[in-house]
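So my numbering is basically just the index in the sequence shown, starting at one, shifted up by 131.
All C-beta atoms, glycine included, are put in the ideal place defined by N, C-alpha and C.
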Amino acid sequence: TLAALLLTATLVAIKPAAVEAAVLGDVVPAPVTVQPAAGVSYTFAANAAIYAGAGAAEEATYLAGLLHLPIASSPASISLLLNGAVGGEGYQLDVTTAGITIAAQTRAGLFHGIQTLRQLLPPTIENGTSQPAQWTVAGGRIVDYPRFAYRGVMLDVARHFQPVANVKRYLDQVALYKINTFHFHLSDDQGWRIVVDGWPRLATVGGSTQVGGGAGGYYTKAQYQDIVAYAAQRHITVVPEIDMPGHTNAALASYAELNCNGVAPPLYTGTGVGFSNLCTSKEVVYTFVQNVLAELAAITPGPYLHLGGDEADTLTAAQYATFMNRVQPMVPALGKTVIGWHQIAPVQHSPNRIMQYWGTTTSDSAVTNAVGRGARVILSPANKAYLDMKYTSSTPIGQSWAGLIEVQTAYEWNPGAYLSGVAATAVLGVEAPLWTETIVTADHIEFMAFPRLPALAELAWSPWSTHSWTSFRQRLGQQGPRWTLMGIDYYRSPQVPWA
Ligand code: TNX
Numbered sequence: 132t133l134a135a136l137l138l139t140a141t142l143v144a145i146k147p148a149a150v151e152a153a154v155l156g157d158v159v160p161a162p163v164t165v166q167p168a169a170g171v172s173y174t175f176a177a178n179a180a181i182y183a184g185a186g187a188a189e190e191a192t193y194l195a196g197l198l199h200l201p202i203a204s205s206p207a208s209i210s211l212l213l214n215g216a217v218g219g220e221g222y223q224l225d226v227t228t229a230g231i232t233i234a235a236q237t238r239a240g241l242f243h244g245i246q247t248l249r250q251l252l253p254p255t256i257e258n259g260t261s262q263p264a265q266w267t268v269a270g271g272r273i274v275d276y277p278r279f280a281y282r283g284v285m286l287d288v289a290r291h292f293q294p295v296a297n298v299k300r301y302l303d304q305v306a307l308y309k310i311n312t313f314h315f316h317l318s319d320d321q322g323w324r325i326v327v328d329g330w331p332r333l334a335t336v337g338g339s340t341q342v343g344g345g346a347g348g349y350y351t352k353a354q355y356q357d358i359v360a361y362a363a364q365r366h367i368t369v370v371p372e373i374d375m376p377g378h379t380n381a382a383l384a385s386y387a388e389l390n391c392n393g394v395a396p397p398l399y400t401g402t403g404v405g406f407s408n409l410c411t412s413k414e415v416v417y418t419f420v421q422n423v424l425a426e427l428a429a430i431t432p433g434p435y436l437h438l439g440g441d442e443a444d445t446l447t448a449a450q451y452a453t454f455m456n457r458v459q460p461m462v463p464a465l466g467k468t469v470i471g472w473h474q475i476a477p478v479q480h481s482p483n484r485i486m487q488y489w490g491t492t493t494s495d496s497a498v499t500n501a502v503g504r505g506a507r508v509i510l511s512p513a514n515k516a517y518l519d520m521k522y523t524s525s526t527p528i529g530q531s532w533a534g535l536i537e538v539q540t541a542y543e544w545n546p547g548a549y550l551s552g553v554a555a556t557a558v559l560g561v562e563a564p565l566w567t568e569t570i571v572t573a574d575h576i577e578f579m580a581f582p583r584l585p586a587l588a589e590l591a592w593s594p595w596s597t598h599s600w601t602s603f604r605q606r607l608g609q610q611g612p613r614w615t616l617m618g619i620d621y622y623r624s625p626q627v628p629w630a
């Protein structure tokens with residue numbers, strides 16, 4: 132046995148890294164259960180192909196595009212089957228000497244299983260041109276499903292506008308970590324980014340600049356729908372946000388009548404917060420809000436509309452409540468469910484409404500009260516989940532008002548037991564917001580999201596029983612070469628043993 136150990140050590144030492152199969156289960160987020168089959172593995176042959184069972188053609192096409200493999204008409208190297216035992220977004224992945232099977236009950240489940248398989252294949256599959264080689268996958272079974280239904284990222288395109296291509300690029304990157312919700316922050320003081328036909332100056336005036344005075348921009352409805360469809364192909368639901376009644380300078384600058392004094396303020400290109408509000412005592416403001424929400428609901432297939440509701444610091448609590456109590460019911464009337472930042476907690480309940488908690492403490496009596504009245508919570512604690520916070524005082528971009536967030540800080544908290552008085556059953560999920568006061572390019576987005584987004588994605592997907600920083604940092608380190616080949620410019624945190 133000592134000889135066997137020495138032999139193993141020698142083999143490990145001389146084995147070239149490039150052909151080493153990943154350990155089954157060495158993926159992010161950690162799977163629910165992993166049963167390795169000792170001594171079993173599957174090696175792709177030159178005629179490798181993908182088989183789509185009934186209803187699985189779209190996922191097979193997606194996988195074929197990733198792996199540059201053909202589609203076969205009978206069970207092949209990789210089979211995707213919609214006859215699985217695991218329901219919802221879950222899947223089962225089996226690797227035997229004969230091949231690989233991903234089985235699920237939904238297309239979303241197959242898609243998440245594909246993301247797992249992707250991470251079990253060599254990083255070179257991500258280089259965009261790689262042809263199937265003698266790839267080997269370790270044998271066994273993974274059974275996997277999410278802890279939370281809502282696993283989100285938010286991108287603020289108001290402070291710095293992002294072209295459609297950058298939004299799609301980010302969607303592709305986060306899909307690898309089983310993110311299923313894209314919160315699209317479409318309006319703020321510095322810009323209005325979506326066309327509203329009934330109020331055209333919102334886009335043409337309100338969208339004409341951004342932080343720092345650049346040209347800004349906006350999405351046409353066709354562009355927005357293109358993003359929604361692209362996200363849907365990746366089983367990601369788009370949640371559009373129109374932030375109100377605060378964070379509205381771009382709208383106020385576009386239409387004088389939305390202001391109490393009837394005077395449009397200049398466009399704003401700074402980074403201050405809390406200085407603007409829609410005039411809550413004017414009837415035209417409610418017509419405006421109704422029109423905007425109706426047009427947005429009509430192009431949004433997902434179940435949610437996000438009303439913002441944060442930092443309306445120039446209003447009294449009574450003015451704020453008057454506004455929100457009128458606006459919240461407009462959302463269910465349009466067939467959607469309200470999401471708002473947790474400042475909406477004190478106002479009246481509306482059916483199924485959801486509060487997005489962004490505070491930096493672990494108790495908030497207004498939130499606890501609202502949960503008692505039936506509201507649910509999305510957790511985005513700013514000192515854990517805000518991707519716009521700097522990693523350390525010396526990383527180049529980002530803010531630090533909520534603290535510095537190194538990878539371990541982003542990872543070490545339990546969303547199911549975070550807010551006192553809020554039971555895990557009231558937690559819909561976790562979201563990682565990316566505010567963009569200091570974030571301008573796709574490169575900046577990547578640097579702030581990677582490697583923290585995968586940490587938050589694991590908190591949202593994996594059962595707490597798998598939670599382990601020691602295991603996570605090692606699995607995370609293995610993602611590095613993959614990101615390099617995907618062109619992701621990530622922060623090489625010294626906390627992580629990068630491969
Ligand atoms: C607070 S978080 C804001 C945003 C800023 C962010 C910067 C929240 C709901 N409001 O308007 O962009 O801080 O970190």
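- Here the C-alpha atom of Leu197 lies approximately 11 Å from the C-alpha atom of Leu248.
- Boundaries cannot be given for His480, as no beta strand (DSSP E) includes it and DSSP labels it neither H nor E.
- Per DSSP, the unbroken beta strand (DSSP E) holding Leu286 starts and ends at 281–287.
- With a threshold of 16 other beta carbon atoms within 10 Å, Pro254 meets it and is buried.
- Take the alpha-carbon of Gly329 and the one of Ala382: they are about 13 Å apart.
- A heavy atom of ligand 1 is found nearer than 7 Å to the CB of His378.
- For Tyr517, the CB falls within less than 7 Å of some heavy atom of ligand 1.
- If only uninterrupted alpha helix (DSSP H) runs of at least 4 residues are considered, those enclosed by the region 417–480 are 448–458, 461–464.
- A distance criterion of 7 Å places the beta-carbon of Ala555 beyond contact range of ligand 1, judged by its closest non-hydrogen atom.
- Judged by DSSP secondary structure, Ile358 falls within the alpha helix (DSSP H) whose first and last residues are 352–364.
- Cβ neighbours of Val458 within its own chain (closer than 6 Å, five residues either side excluded): Val420.
- Comparing alpha-carbon positions, the option among Ala183, Pro564, Gly503, Ala384 lying closest to Trp472 turns out to be Pro564.
- The C-beta distance from Arg282 to Thr237 rounds to 15 Å, too long to meet the 8 Å contact threshold.
- Between Val326 and Arg290, the beta carbon gap of about 19 Å keeps them out of contact (Cβ cut-off 8 Å).
- Closest by C-alpha distance to Phe175, out of Trp266, Leu200, Gln364, is Trp266.
- The distance from the Cβ of Val159 to that of Glu589 is about 6 Å, consistent with a contact at the 8 Å cut-off.
- Scanning Ser624, Ala630, Phe603, Leu616 for the CA closest to the CA of Gln609 turns up Ala630.
- Between Arg583 and Ala541, the beta carbon gap of about 4 Å places them in contact (Cβ cut-off 8 Å).
- As the crow flies, the alpha-carbon of Ile256 is around 54 Å from that of Asn390.
- Taking 7 Å as the cut-off, one finds at least one heavy atom of ligand 1 near enough to the beta carbon of Asp287.
- Leu436 and Met375 have their C-alpha atoms spaced approximately 12 Å apart.
- Between Arg332 and Ser407, the gap from beta carbon to beta carbon reaches 8 Å or more.
- The residues Val502, Arg507, Val508, in chain order, have a CB closer than 7 Å to that of Ala557 in the same chain once the five nearest residues on each side in sequence are set aside.
- Here Gln321 really is in contact with Tyr399; their C-beta atoms are around 6 Å apart, less than 8 Å.
- When the Cα atoms are used, Val416 and Tyr488 turn out to be separated by approximately 27 Å.
- Residue environment for Arg623: exposed (fewer than 16 other C-beta atoms within 10 angstroms of its C-beta).
- Counted as a single uninterrupted DSSP element, the alpha helix (DSSP H) harbouring Phe578 occupies residues 573–580.
- Annotation for Glu562: the continuous beta strand (DSSP E) segment containing it runs 558–565.
- According to the DSSP assignment, Phe292 belongs to no beta strand (DSSP E), since it is labelled neither H nor E.
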